[in-house]
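Line order of the protein sequences matches chains A and B. The letter at position 71 of the first sequence is residue 71 when you use the working numbering, and the numbering goes up by one with no holes. Every number in the working numbering is 1000 more than the matching position in the second sequence, counting from 1. Just so you know, even glycine gets a beta-carbon here, dropped at the ideal spot from N, CA and C. Predicted model only: the values in this text are computed from it and were never measured. Structure, as structure tokens:
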Amino acid sequence: MSDIDVKADGVLCEKAVELLDAFIQECGLPVRTAQISGLKQIAFNQPSSLKEFAQHQRQRAERRHHDEEKAFWNLIDNLCDGRKPKHAWSLHQEIEGMLSEQEKADKKHLAALREEKKKLCYPPFFQHFCAHYLYRLSMKENP
Amino acid sequence: MSAPVKPIPVDTDLYIEEHHADFEKLGDRFFEEFEYDRKNKRVSSQVRNLQQIVCSATRFADIEDFVKNQMGKTGDASSRWKKVGKETLQHLQKLRDAAAKDFEKTPNAREELAYRLKLARSWVRAVVSHYLYRIALDQIKEGP
Chain A
1 MSDIDVKADG VLCEKAVELL DAFIQECGLP VRTAQISGLK QIAFNQPSSL KEFAQHQRQR
61 AERRHHDEEK AFWNLIDNLC DGRKPKHAWS LHQEIEGMLS EQEKADKKHL AALREEKKKL
121 CYPPFFQHFC AHYLYRLSMK ENP
Chain B
1001 MSAPVKPIPV DTDLYIEEHH ADFEKLGDRF FEEFEYDRKN KRVSSQVRNL QQIVCSATRF
1061 ADIEDFVKNQ MGKTGDASSR WKKVGKETLQ HLQKLRDAAA KDFEKTPNAR EELAYRLKLA
1121 RSWVRAVVSH YLYRIALDQI KEGP
């Protein structure tokens, strides 16, 4: 049982469910199953590209005047990179919390360290997030 | 000042014993919704998959995610999961809550996770045992 298992089962799981439930309360379930699958794939295979993917999806939603969908991709962006005080929690903040003072001071290797932590944290977070979204969608269709 | 006393870990078997009737009810529901392959005498692959996930998981949330993902799919298996999934997730939440309660006074995330997983394995053993018992009764009723 590794440290990431403990984190994945704790804060990452809790935040994925809490923040998604809050979003659904406000905006419903605006994205399709296929988009959720795409989100999960990118989170697992290319976590560093996720922010860009979310921004691209947001722009598409904006062009189609889909406000709730735009809000969803805003959420994803903020989950990846939200900063205090506007965003109490984000994966960026969680990852920064995982770095020691020594690691933060090592400018040469800091970017690589952050990438390493992203590869650890993004997959379990988005696994929980996407599974919970599909569950909420199934409950909406089958109350 | 005396050293703090390490609490005696709660036996998962005791928890399972106290809630066994509830687990049997879920086993009944699994039998009603997933049935089994009567012709080839094979248990439902969905029940087998759940058992496999629970026994191999290193994260409790992987078990919850399995159920949620199955509910979110389309197809025959998913339609069955939609009928028992919510109840299954409620069971899993109770296991989470039981573990959290036992570690409330002496928090230790790693030990709590290990305990949650141990509870889950005992839980699935009880549920699947009852599901298999229902299959056995059905086969006795059906005759040779």
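**Study point:** Amino acids of chain A, ordered along the chain, whose beta-carbon sits closer than 7 angstroms to that of Leu1113/B
**Key:** Met1, Asp5, Val6 and Asp9
Check your understanding: If you measure beta-carbon to beta-carbon, which residues of the stretch 1080 to 1103 of chain B are closer than 9 angstroms to chain A?
Key -> Trp1081, Lys1082, Lys1083, Gly1085, Lys1086 and Leu1089
Practice item. Within the same chain, show all residues whose beta-carbon is closer than 6 angstroms to that of Phe1030/B, passing over the 5 residues directly before and after it, in chain order. Key: Val1047 and Tyr1131
Check your understanding: Does DSSP put Arg1121/B in a helix, in a strand, or in coil?
Key -> helix
**Study point:** Residues of the stretch 105 to 132 of chain A with Cβ closer than 9 angstroms to any Cβ of chain B, in chain order
**Key:** Pro124, Gln127, His128, Cys130, Ala131 and His132
Review point. Helix or strand or just coil, what does DSSP make of Asp1062/B?
Key: helix
**Study point:** Gln55/A versus Asp1011/B: straight-line alpha-carbon distance, rounded
**Key:** 49 angstroms
Check your understanding: Hey, out of Ala1098/B, Gly1143/B and Arg1121/B, whose CA is closest to Arg1059/B's CA?
Key -> Arg1121/B
Check your understanding: Got a sec: is the Cβ-Cβ distance from Ser37/A to anything in chain B below 8 angstroms?
Key -> no
**Study point:** Which listed residue (Arg1080/B, Lys1141/B, Trp1081/B and Val1054/B) has its alpha carbon closest to that of Leu1095/B
**Key:** Val1054/B
Exercise for review: Going by CA-CA distance only, name the one from Ser90/A, Val17/A and Arg114/A that's closest to Ser100/A.
Suggested key: Arg114/A
Review point. Per DSSP, what kind of secondary structure is Ala1003/B in: helix, strand or coil?
Key: Any reading at Ala1003/B is ruled out, since the residue's pLDDT is 42, under 50, leaving its predicted position unreliable.
**Study point:** Pick from Ser90/A, Glu14/A and Arg32/A that is closest to Lys51/A, judged by C-alpha positions
**Key:** Ser90/A
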